[in-house]
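Numbering (numbering that gives the first Met the number 0), first residue to last: 0 to 478. Glycine is no exception: its CB is placed at the ideal position from the N, C-alpha and C atoms. All values reported here derive from a predicted model rather than from experimental measurement.
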Amino acid sequence: MRPARKKGAERKNGEHAMSTTGLVNRSGIAIAADAIDAFAAGLAGRVIRPADADYDSARRIWNATIDRHPGLVVRPLGTADVIAAVTFARQHDLLVAVRGGGHNVAGRGLCDGGLVVDLSLMRGVLVDAASRTVRVQGGATLGDVDRETHLHGLAVPTGVVSRTGIAGLTLGGGVGWLVRKHGFTCDNVLAFELVDASGEHRTVSATEHPDLFWALRGGGGNFGIVTSFTFEAHPVKTVLGGLIVHARDQAGAVLRYYRDFMKTAPLELTAYAALLTTPDGHPAVAVIPCWCGDMAEGERAVAPLRQFGSPLMDAVQPMPFPVMQSMLDDAFQDGTRNYWKSTFVKALDDDAIDTLVGHANRMTSPLSAVVVEFYAGAASAVGPAETAFAQRQAEYDIGFMAQWTDPAEDATHTAWARAAWDAMQPFSSGGFLLNFLSEESPDVIRAAFGSNYDRLAELKRKYDPTNFFSLNQNIKTAA
Ligand code: FAD
0 MRPARKKGAE RKNGEHAMST TGLVNRSGIA IAADAIDAFA AGLAGRVIRP
50 ADADYDSARR IWNATIDRHP GLVVRPLGTA DVIAAVTFAR QHDLLVAVRG
100 GGHNVAGRGL CDGGLVVDLS LMRGVLVDAA SRTVRVQGGA TLGDVDRETH
150 LHGLAVPTGV VSRTGIAGLT LGGGVGWLVR KHGFTCDNVL AFELVDASGE
200 HRTVSATEHP DLFWALRGGG GNFGIVTSFT FEAHPVKTVL GGLIVHARDQ
250 AGAVLRYYRD FMKTAPLELT AYAALLTTPD GHPAVAVIPC WCGDMAEGER
300 AVAPLRQFGS PLMDAVQPMP FPVMQSMLDD AFQDGTRNYW KSTFVKALDD
350 DAIDTLVGHA NRMTSPLSAV VVEFYAGAAS AVGPAETAFA QRQAEYDIGF
400 MAQWTDPAED ATHTAWARAA WDAMQPFSSG GFLLNFLSEE SPDVIRAAFG
450 SNYDRLAELK RKYDPTNFFS LNQNIKTAA
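Okay, here's the thing in structure tokens:
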């Protein structure tokens with residue numbers, strides 16, 4: 000009848016309850032097992048404690064450099080469970096982390112000692128084809144969304160690796176293969192269902208709590224736990240996409256061509272460039288186009304990119320959108336070690352290109368990459384103050400993604416990404432993409448929110464005055 004209570008009793012094995020729960024409050028005082036048992040018994044979902052067999056898998060996230068030990072992992076089944084978790088955490092003054100897809104590079108979905116609200120049982124996606132809207136629960140991945148929308152010939156603009164969580168990605172802005180035509184992911188949200196810091200449930204839209212609606216579109220996880228999103232979807236079924244790969248010694252020429260070509264490219268075309276190492280160990284530069292409009296027009300529009308130079312491989316072809324969306328998954332395997340740095344640049348001039356190519360050529364791991372992403376289009380047609388996501392005017396984002404597997408090499412690869420980022424600072428616009436931030440200084444976080452920081456701080460004070468939601472790109476409450 001009360002399975003959670005029974006499990007807890009077995010787990011104790013006669014040890015002193017106060018010292019065995021692993022759950023401590025913000026002052027370091029242990030929470031009694033009885034209190035946890037009572038909380039667990041009231042949930043439709045479940046809790047995972049340090050002594051449970053699946054505790055280690057529950058505290059594992061995509062980035063293996065993050066090794067934290069939460070006191071309790073709560074897996075809600077629905078909004079009522081999320082409210083119960085927030086209420087329990089408030090009563091006991093617990094540190095709280097919120098986990099969507101577990102893909103935050105800095106591991107912001109995990110904490111030590113406190114409580115993790117892990118939404119991985121809440122992955123439902125409901126498509127209303129007639130209104131072209133999609134309701135998505137807060138623990139869904141991008142792949143979950145694409146799988147359902149594709150059935151109806153629709154797509155929501157999200158990111159480029161299918162296991163990423165829709166929640167963290169959307170709240171931080173969200174860029175992907177449809178960004179130039181349909182904007183950032185946050186630009187496509189029609190409504191949020193939110194549990195706020197007081198444990199209250201709110202529907203947030205342009206007409207209900209419009210200030211929160213503004214803040215949630217780019218303000219990160221600062222304002223509450225989103226239990227579901229309603230997105231606008233677009234008719235996108237088949238896209239023209241794939242990798243065009245050149246030898247690395249062509250990188251300077253390929254990037255210059257890519258830059259000039261994208262300046263006049265139609266908005267149906269989003270294309271990234273990446274300096275990477277091929278699976279058989281050759282340093283290379285790839286251009287990755289994704290055309291989301293009419294196929295015949297797309298063949299014509301993408302042809303010059305394919306004809307430039309002497310590519311070693313051209314895999315561009317029509318494909319179902321979910322295939323494009325998961326094409327890069329293997330390059331970002333779960334359990335690798337990662338450290339990412341990125342910056343928007345004022346302009347991708349020749350000096351900037353030469354600097355980033357120089358650092359790519361000194362890459363310390365074959366799994367690492369330097370990525371150049373061009374966003375200008377629908378996203379930059381929205382004003383920086385219209386949503387919390389302010390970084391709309393700089394056209395190119397440059398990412399240094401260090402990835403490796405051996406913990407003994409952490410310092411080497413981290414140092415490479417840092418040095419490359421430092422070298423790009425003369426070209427930086429001073430803006431950063433929230434979603435790609437590793438652990439950063441408060442100044443960098445502030446710069447990522449840009450001109451919207453002060454308004455966000457006011458709203459943080461209004462909706463989360465005690466900074467209950469602190470494990471995110473944290474906005475300090477306005478005095
Ligand atoms: P989690 O680690 O689960 O959560 C991260 C933070 O988001 C939490 O601290 C919390 O503050 C908040 N959060 C999560 N769920 C909720 C919720 N339901 N309610 C409220 N707050 C919540 N970004 C892009 O924009 N485009 C990309 O193409 C892209 N590709 C990526 C590829 C990989 C391999 C990885 C690792 C990351 C990528 N990102 C991309 C960055 C990604 O969007 C962010 O790291 C984002 O935070 C991941 O969201 P998540 O839900 O998986 O993260």
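Would you report the Cα separation of residue i and residue j, rounded to the nearest angstrom?
i: residue 2; j: residue 60; result: Low per-residue confidence applies at residue 2: pLDDT is 33, beneath 50, and the placement is therefore not dependable enough to give any value.
i: residue 184; j: residue 435; result: 15 Å
i: residue 401; j: residue 193; result: 34 Å
i: residue 200; j: residue 167; result: 19 Å
i: residue 376; j: residue 360; result: 31 Å
i: residue 137; j: residue 20; result: 27 Å
i: residue 70; j: residue 50; result: 10 Å
i: residue 347; j: residue 133; result: 36 Å
i: residue 406; j: residue 105; result: 16 Å
i: residue 329; j: residue 161; result: 10 Å
i: residue 115; j: residue 393; result: 35 Å
i: residue 246; j: residue 325; result: 24 Å
i: residue 157; j: residue 165; result: 8 Å
i: residue 67; j: residue 282; result: 35 Å
i: residue 357; j: residue 294; result: 37 Å
i: residue 29; j: residue 131; result: 49 Å
As a quick exercise: from the options, pick the residue whose alpha carbon is nearest that of residue i.
i: residue 57; options: 206, 443 and 99; result: 99
i: residue 140; options: 173, 151 and 426; result: 173
i: residue 91; options: 26, 441 and 451; result: 26
i: residue 273; options: 250, 261, 294 and 292; result: 250
i: residue 46; options: 87, 62 and 29; result: 87
i: residue 242; options: 84, 476 and 286; result: 286
i: residue 122; options: 236, 203 and 143; result: 143
i: residue 427; options: 37, 131, 304 and 396; result: 396
i: residue 464; options: 297, 23, 223 and 358; result: 223
i: residue 437; options: 373, 350, 391 and 342; result: 342
i: residue 471; options: 441, 263 and 37; result: 441
i: residue 227; options: 125, 158 and 104; result: 125
i: residue 318; options: 130, 298, 206 and 332; result: 298
i: residue 118; options: 72, 284, 350 and 313; result: 72
i: residue 235; options: 67, 252 and 145; result: 145
i: residue 24; options: 340, 195, 110 and 55; result: 110
i: residue 289; options: 170, 55, 338 and 374; result: 374
i: residue 448; options: 409, 384 and 22; result: 384
i: residue 334; options: 55, 34 and 28; result: 55
i: residue 244; options: 198, 34, 460 and 276; result: 276
State the DSSP-derived secondary structure class of residue i, mapped to helix, strand or coil.
i: residue 269; result: strand
i: residue 7; result: Residue placement at residue 7 cannot be trusted, given a pLDDT of 37 that sits under 50; the coordinates are not used to answer.
i: residue 408; result: helix
i: residue 291; result: coil
i: residue 310; result: coil
i: residue 441; result: helix
i: residue 467; result: coil
i: residue 30; result: coil
i: residue 90; result: helix
i: residue 249; result: helix
i: residue 61; result: coil
i: residue 357; result: helix
i: residue 236; result: coil
i: residue 261; result: helix
i: residue 475; result: coil
i: residue 191; result: strand
i: residue 462; result: helix
Would you mind giving the Cβ-Cβ distance between residue i and residue j, rounded to the nearest angstrom? I have them listed as a contact below 8 Å.
i: residue 108; j: residue 96; result: 6 Å
i: residue 474; j: residue 456; result: 6 Å
i: residue 399; j: residue 416; result: 4 Å
Does residue i come within less than 8 Å of chain C when only Cβ atoms are used?
i: residue 255; result: Absent here is chain C; the protein component of the structure consists of one chain.
Next item on the list: Evaluate the contact criterion for the stretch 164-183 versus the stretch 264-275: three or more CB pairs, one atom per stretch, below 8 Å.
Entry: yes
Margin query: Using 8 Å as the cut-off, can you tell me whether the stretch 38-49 makes contact with the stretch 66-84, which would need three or more C-beta pairs spanning the two stretches below that distance?
Written below: yes
Next item on the list: Could you tell me whether the stretch 146-153 touches the stretch 354-368, where touching means 3 or more Cβ pairs closer than 8 Å?
Entry: no
Notebook entry, point to check: Is the stretch 298-308 touching the stretch 254-268 in the sense that three or more CB pairs, one from each, lie closer than 8 Å?
Noted result: yes
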